[in-house]
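Colleague: Residue numbers (full-length UniProt numbering), protein chains in the order written: chain A, 1 to 315; chain B, 1 to 357; chain C, 1 to 514.
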Amino acid sequence: MDVVFDILSSANFWAAAIRIATPLIFGVLGALICERAGVLNLGIEGIFVAGAMAGWMAVFLGAGLWGGVLIAAVAGGLFGLLHAFLTVILGLSQHVSGIGITLLATSASYFTYRTALPNVTTPPRIVPFQPVSIPGLSDIPFVGPALFQQTPMTFLALLLVGALALVLYRTPLGLAIRAVGDNPASVEAQGLSVTGLRVGAVVLGSALMALGGAFLTMSAFDAFFFGMVNGRGWICIALVVFASWQPGKALLGALLFGAFDAFQIRLQAQIGQVVPGQVFLMMPYLLSIVALILVARRADYPRALLQPWTKGQRH
Amino acid sequence: MNVRLEPRENASVGLRLCVSLAAGVAALLLVAIPVLLAGRSPLEAYALMIQGAFGSMFALSETLNRATPLILTGLAAAVAFRAKLWNIGAEGQLYIGALAAVCVGSGLLQLPPALMLPTVMIAGFLAGGLMMVIPAVIKQRFGADEVVITLLLNFVVILFIQMLVEGPLKDPLSMGWPQSVPLIAEAKLPKLLPRLRMHWGLIVGVVAALALWLMVRKTVLGFEIRAVGENKAAARFAGIPVDATMLKVALISGGLAGLAGVGEVAGVKGYLSADLSPGFGYSGIVVAMLAGLSPIGTVLAALFVAAVFVGADSMSRATGISSYIADLVVALSLLCVLVGSFFLRFRLRFGQQSVGA
Amino acid sequence: MTDTPVLLSLSNITKRFGALTANDSISLDLHRGEILALLGENGAGKTTLMNILFGHYVQDEGDVRVLGNGGLRALPPGSPGAALRAGIGMVHQHFTLAENLSGLANIRLGTEPLVSFGREGAARAKVQKIIAESGLDVDLERRVADLTVGEKQRIEILKALYRDAKVLILDEPTAVLTPQEAEGLFAVLRRLAANGLGVIFISHKLGEVLAVSHRILVLRGGKTAGELETAVADRRAIADLMVGKAVAAVVRTPANPGEVLFALEDVSLHGAGGGRALSGVHLTLRAGEVVGLAGVSGNGQSGIAALISGLAVPTSGTMRLYGDTVTRPDPRALVAKGVARMPEDRQHDGVVGTMSVADNIAIEEVRSGAFSRMGLLDRKAMRERAASAISAYDVRCQGPDAEARLLSGGNVQKLILARVLERGPRVILANQPTRGLDVGAQAEVHRRILAARDRGAAVLVISEDLDELFALADRFVVVHAGELQDAGPSDGLDRGTIGLMMAGQGPAAAELAS
């Protein structure tokens, strides 16, 4: 038990937890927007890869870091547009289209990386985002190092949680997005465009997902590796359910998840000799499955999730 | 002039075939763009791909060898998707099937030689099937979506396999490579032809496709799977045991993926390692969709996807174009066939009339 | 009324769906302060016409004009937004409400700039004012999911009024209301019309059209069959206009009830959700008798139907079939014992659309010896049964191999009748047996049900249409809030009594009040 207490009482642990949570925050928020509007986006895993590759590549080729972030978002948005075209405009299976987007975005990213850098053995590096110290706040004991010595993308993620909550619950646009995911007929009957809202939500959500990927190559690491996303996208899909499609709970879920992951990494250092490393590596996935099972019965899925809509249709 | 969409009453078999073919061709045409961007001639690339996939007896054998697991994972996806059970976990089920094959067939279990291979296959089928029955039960009991759970289980399974081949199952003679103890000779699938890698797993795959086709058309179970997949509410109302049917589908689907794993271990590698499958489970989804979820079509679609992989590998060696081009073709085929399915439901009408709803 | 200005004018509207002409050159004018009834049976083209008016469909010919600045102006086709801006409000038969939002949020939806912080306070004040003027009282802050059907309908009307609608269209608004609630709605509509609103009231019920409207437009088979002032209208004449040809009324001979075949004894059903809960229900079905179950939808009908269908297990109490206790009901066992079940939503629960007519006729007994042997289907037997059913029940389709989704609603119902009645069942559940069917198909279904009764079957008919229940039932039971009341033999019962019982008053009180 001393081991547990030692881990939990170090500021370094909480800083790591927030760092691990950051890409998940982007991913969960992105998935949340899509699903609130009634579209499941299983392209998320591939969009993470595309965002990671595109952002990194842009910086590697000379763009600024924020330029890279923007390019990652655009890449994600484009794949989102494709998913929206297939599922919203053509009304095709959201499951199959999402898997297809993941396969396409992943293979396109890998292909582009290999084609641009055919002969590298060790992945080239960029200078990633550095932790920024906020004068005053960063000097608070414990809280300062844990919370306020993160990279700018982490702050962006936290900011987006608030912004999304504001849009969703305080603006007519948020009202329309929540309505279109519950009953598209309600939106159409009030003269708004179901297609427009859904396409917009999927594009925006996919752009956010790509930022999650970009964080990996531009903030957490400084290079692009094959297989680096490693299921983070799927974990986000599970976390959205856990978060009941609410931005605040999404943040909480991602942080809990980050804390657990940071904890198992540290625990591994302590008891790694007796337990094989893979057991620890399995934890995030098993944790996501358990979280999903625990909340599934009570989960209040957006009623129109997975339901395609054609104009003038009634139930 | 306006273009209108009209719902189609029926899509003929010929039309379905055309859509799948068109999707494959469209995907191949679309990759001309990245090939051009990579600075190579698409025509040269296509020619090299065809040659690499079919140009020699060896190439053909490699293609068939590659198609073998794809037929089985394709069938796994096809039978599940037909029942609207979204099994995206064929990759994990494949590994579990392979693991069962190694556990049963590496000499620990003493059996008469004639029974060895059937036992290995049954064990692989049941293990893979169980791997899918679990998420199906979770869905029925707790309402948790099987898509995410099967996806996440893929990662868990591969880590589990890594753990075993670095630990308890590790072959002491492997000179440090993380691979399992090998299968004994009686547990292996015989080669089809001398000096070529293709093996009896191919026959298993084709027989499985035929069996599935017969099951769907001729048996009560097939009838019930169709009813459950097309309209769960009506099936339940009519007294079809929906949950039990779904579990049977899960067992068959996971079992077929498990058989794919058996084929790779018992037919190709001879041992289990964590790089046994380069994504056969995921490609199986593409195969099934290209086949329009038809069992017989799955065999053909698996051949196409296998040819793309084998041909692209060969073309890549000759031209230096990244072999990820094959994954691009496969991903694009899936999206193209999805768009094609739209034209199976609707027909375009060109006319002077205003746009209909 | 025709001396007030025209608010809305449709001229020569034609709409075709493939070979079917749903609207054939229909014209109408709506005046200020007028309640115009659009009367016609199911399939006459009423809903299609209103969907064109509201921009859900685009007409093939004809145009819609609405009173705007300085006169009638053409409405661009295919745009609900344009219809809304022109002052047309529509209350659909199926409500178009987002259930996860409050009533007020639904009313505001689409009325404020998307990228802004909205005007919730101002909106609330305006809606409160409309409520005060119209009498459409409802709690604006509650989630729509928690409102009753009547309250949801009020939110729908408020949605239109909030947008300053000049024209209000209501599509079959009384289908979900008790007779008393419907009276309340009529009072609101009269008040709104008196304040200058134009109202189009779509219905297939002659009685309520006569009660509420100023003018009646009768549609039949997609064409205008006639137009008349309500004040001078003759009931018989309108009925003839509506139906076209006289349909022989189905004659119900006096019942001859025999032994109890099916019974629910003190049965409760909890935690089922969706208006299925029941408490302490007693119900007996006797051989040779039709029992009519009346009630506002969502009061427990679906619970009773689920029990008889074998889809629900009583939480407490006893369910008996032929005197034996049924402990674990399931559809297959009940079917095997001679229970016939017609589902409420026949397209959704009754048939698998992509399977053939033959498959759908065999589906309940596919595991029995009749259609399979050792797990293998007997396709020949299935096709033969289908062929005989198609001719015996006049199912219009291309043959046993045609997909069920290509059948019309009436033919789907005939298919289901063929499936369940051909076995000579002893207990029959007919849940909304003629909803959405035209008069001819209705009579056919009624005749089949009465024939089964005369053969000695025990029948339960569940219907929202009191006329249908009075045509079929020998005895009435009424369900309200999960409790069942016996209303006694249908002879001597009147609609008012049933209506009050539907609203929750006991039979004695209902009789005193009526």
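For every residue, glycine included, the Cβ atom is placed at its ideal position computed from N, Cα and C.
Skipping 5 residues on each side, what residues in its chain have a beta carbon closer than 6 Å to that of C/S514?
Modeller: For the purposes of this step, residue 514 of chain C is taken as residue 514 along the third sequence, with counting starting at 1. Only weak support is given to the placement of C/S514: the predicted model assigns it a pLDDT of 48, under 50, and the value that follows is read from those uncertain coordinates. So the list reads G496, T497, once near-sequence residues are dropped.
Colleague: Can you give me the Cβ contacts of A/G253 inside the same chain, cut-off strictly under 6 Å, excluding the 5 residues immediately before and after it?
Modeller: Within the first sequence, the letter at position 253 stands for residue 253 of chain A. Cβ neighbours of A/G253 beyond the five flanking positions: L239, F242, A243.
Colleague: If I measure Cβ to Cβ from B/P135 and keep anything under 6 Å in the same chain, skipping five residues before and after, which residues do I get?
Modeller: In the second sequence, counting from the first residue as 1, residue 135 of chain B sits at position 135. The residues are E146, I149, T150.
Colleague: Taking Cβ to Cβ, would you say C/L307 is nearer than 8 Å to C/V267?
Modeller: As a first step, residue 307 of chain C must be located in the third sequence, where it is residue number 307. As a first step, residue 267 of chain C must be located in the third sequence, where it is residue number 267. Yes, the Cβ-Cβ distance between C/L307 and C/V267 is below 8 Å.
Colleague: Are the beta-carbon atoms of residue 360 of chain B and B/G74 separated by less than 8 Å?
Modeller: Any answer about residue 360 of chain B is impossible in this case: the structure gives chain B only from 1 up to 357.
Colleague: Use the C-beta contact count for C/T174: other C-beta atoms within 10 angstroms, 16 or more gives buried, fewer gives exposed.
Modeller: In the third sequence, counting from the first residue as 1, residue 174 of chain C sits at position 174. It counts as buried.
Colleague: Closer than 7 Å, Cβ to any Cβ of chain F: which residues of the region 107 to 118 of chain A, in chain order?
Modeller: No chain F appears in the structure shown, which is made up of the protein chains A, B and C.
Colleague: Sort out for me which residues DSSP pairs C/D486 with in a bridge.
Modeller: Counting from one through the third sequence, the residue named residue 486 of chain C turns up at place 486. Its beta-bridge partners are C/V477.
Colleague: Just how far apart, CA to CA, sit B/V302 and B/T319?
Modeller: For the purposes of this step, residue 302 of chain B is taken as residue 302 along the second sequence, with counting starting at 1. For the purposes of this step, residue 319 of chain B is taken as residue 319 along the second sequence, with counting starting at 1. Val is not the amino acid found at residue 302 of chain B; the sequence shown has Ala there. Spanning the two alpha carbons is a distance of roughly 25 Å.
Colleague: Give the DSSP-derived three-state secondary structure of A/N12 in the structure shown.
Modeller: Looking up residue 12 of chain A in the first sequence gives position 12. The three-state secondary structure of A/N12, taken from DSSP, is helix.
Colleague: Give, in chain order, every unbroken run of the beta strand (DSSP E) that is at least 3 residues long and sits entirely within the region 278 to 333 of chain C.
Modeller: 278 to 286, 289 to 294, 316 to 321
Colleague: Is A/F26 helix, strand or coil when you go by DSSP?
Modeller: Reading the first sequence from its first residue, position 26 is the one you call residue 26 of chain A. Correct three-state label for A/F26: helix.
Colleague: Is B/M246 near A/Q278, with beta carbons less than 8 Å apart?
Modeller: As a position in the second sequence, residue 246 of chain B is number 246, starting the count at 1. As a position in the first sequence, residue 278 of chain A is number 278, starting the count at 1. In this structure, the beta-carbon distance from B/M246 to A/Q278 does not fall below 8 Å.
Colleague: Along chain C, in chain order, which residues have C-beta atoms closer than 7 Å to that of A/A185?
Modeller: To locate residue 185 of chain A, count along the first sequence from 1; it is residue 185. In chain order: T96.
Colleague: What residues in its chain sit with their C-beta under 7 Å from that of B/F81, if we drop five residues either side in the sequence?
Modeller: Start at 1 with the first residue of the second sequence, and residue 81 of chain B comes out as number 81. Correct list, in chain order: A288, L293.
Colleague: For C/V149, which residues in chain A fall below 9 Å Cβ to Cβ?
Modeller: Mapped onto the third sequence, residue 149 of chain C falls at position 149. The premise fails here: C/V149 is roughly 14 Å from chain A at the closest Cβ pair, so nothing lies under 9 Å.
Colleague: Is the CB-CB distance between B/G284 and B/L70 below 8 Å?
Modeller: Your numbering for residue 284 of chain B matches position 284 in the second sequence. Your numbering for residue 70 of chain B matches position 70 in the second sequence. The answer is yes: Cβ separation under 8 Å.
Colleague: Any C-beta of chain B sitting closer than 8 Å to the C-beta of residue 319 of chain A?
Modeller: A query on residue 319 of chain A cannot be resolved here, the shown segment of chain A reaching from 1 to 315 and no further.
Colleague: Would you kindly report the start and end of the unbroken beta strand (DSSP E) that includes C/D266?
Modeller: Along the third sequence, one-based indexing puts residue 266 of chain C at 266. Taken as a continuous stretch (DSSP letters only), the beta strand (DSSP E) holding C/D266 covers 260 to 269.
Colleague: Would you say A/E188 lies against chain C (beta-carbon separation less than 8 Å)?
Modeller: Along the first sequence, one-based indexing puts residue 188 of chain A at 188. A/E188 counts as touching chain C.
Colleague: From the DSSP output, read off the bridge partner residues of C/A430.
Modeller: The count along the third sequence starts at 1 and reaches residue 430 of chain C at position 430. According to DSSP, which records beta bridges pairwise, C/A430 is partnered with C/M342, C/V461.
Colleague: Going straight from the alpha carbon of C/V260 to that of C/I202, what length do you get?
Modeller: Within the third sequence, the letter at position 260 stands for residue 260 of chain C. Within the third sequence, the letter at position 202 stands for residue 202 of chain C. If I take the Cα positions, the gap works out to 42 Å.
Colleague: Using a Cβ cut-off of 8 Å (strictly closer), state whether B/L221 contacts chain C.
Modeller: For the purposes of this step, residue 221 of chain B is taken as residue 221 along the second sequence, with counting starting at 1. It does; some Cβ of chain C falls within 8 Å.
Colleague: Among the candidates A/A304, A/A50, A/R266, whose CA atom is the shortest distance from the CA of A/L8?
Modeller: As a first step, residue 8 of chain A is located in the first sequence; it is residue number 8 there, counting from the start. Nearest of A/A304, A/A50, A/R266 to A/L8, Cα basis: A/R266.
Colleague: Spatial neighbours of A/L251 within its chain, please: CB distance less than 7 Å, with the 5 preceding and 5 following residues excluded, ordered by chain position.
Modeller: Counting from 1 along the first sequence, the entry for residue 251 of chain A is found at position 251. Hits under 7 Å: I25, V161.
Colleague: The region 162 to 177 of chain A: which residues have C-beta closer than 8 Å to a C-beta of chain C, in chain order?
Modeller: R170, T171, P172, L173, L175, A176
Colleague: Cβ of C/K159 versus every heavy atom of the ligand HEM: is any distance shorter than 7 Å?
Modeller: Looking at this structure, you won't find the ligand HEM or any other ligand, since it has none at all.
Colleague: If A/V49 sits next to A/T106, beta carbons under 8 Å apart, how far is it from one beta carbon to the other, in whole angstroms?
Modeller: Locating residue 49 of chain A in the first sequence gives position 49, counting from the first residue. Locating residue 106 of chain A in the first sequence gives position 106, counting from the first residue. Between A/T106 and A/V49 the Cβ distance is about 5 Å, and since that is below 8 Å, they are a contact.
Colleague: Within 8 Å (strictly less), CB to CB, does B/F342 reach chain A?
Modeller: Here the question's residue 342 of chain B lines up with position 342 in the second sequence. Yes, its Cβ sits closer than 8 Å to a Cβ of chain A.
Colleague: Between C/I363 and chain B, is the shortest Cβ-Cβ distance under 8 Å, so that the two count as touching?
Modeller: Position 363 of the third sequence holds residue 363 of chain C. C/I363 counts as touching chain B.
Colleague: Evaluate contact between the region 250 to 258 of chain C and the region 72 to 87 of chain C, counting only Cβ atoms and requiring at least three cross-stretch pairs below 8 Å.
Modeller: The region 250 to 258 of chain C is not in contact with the region 72 to 87 of chain C.
Colleague: Measuring straight from C-alpha to C-alpha, what distance separates A/L90 and B/L189?
Modeller: Within the first sequence, residue 90 of chain A is the residue found at index 90, counting from 1. Within the second sequence, residue 189 of chain B is the residue found at index 189, counting from 1. Those two C-alpha atoms are separated by around 45 Å.
Colleague: Please look up how many angstroms separate the CB atoms of B/V35 and B/I225, rounded, as I've assumed it's under 8 Å.
Modeller: Against the second sequence, residue 35 of chain B aligns to sequence position 35. Against the second sequence, residue 225 of chain B aligns to sequence position 225. Not a contact, Cβ separation roughly 41 Å.
Colleague: Compare the C-beta of B/V228 against all C-beta atoms of chain A and say whether one is closer than 8 Å.
Modeller: Here residue 228 of chain B refers to the residue found at position 228 when the second sequence is read from its first residue. False, the Cβ-Cβ gap to chain A never drops below 8 Å.
Colleague: Which first and last residues belong to the alpha helix (DSSP H) in which B/D327 is found?
Modeller: Here residue 327 of chain B is taken as the residue at index 327 of the second sequence, counted from 1. Here the alpha helix (DSSP H) through B/D327 covers 324 to 345.
Colleague: Does A/Q150 pass the burial test, meaning 16 or more other C-beta atoms within 10 Å, or should it be called exposed?
Modeller: As a first step, residue 150 of chain A must be located in the first sequence, where it is residue number 150. So A/Q150 ends up on the buried side.
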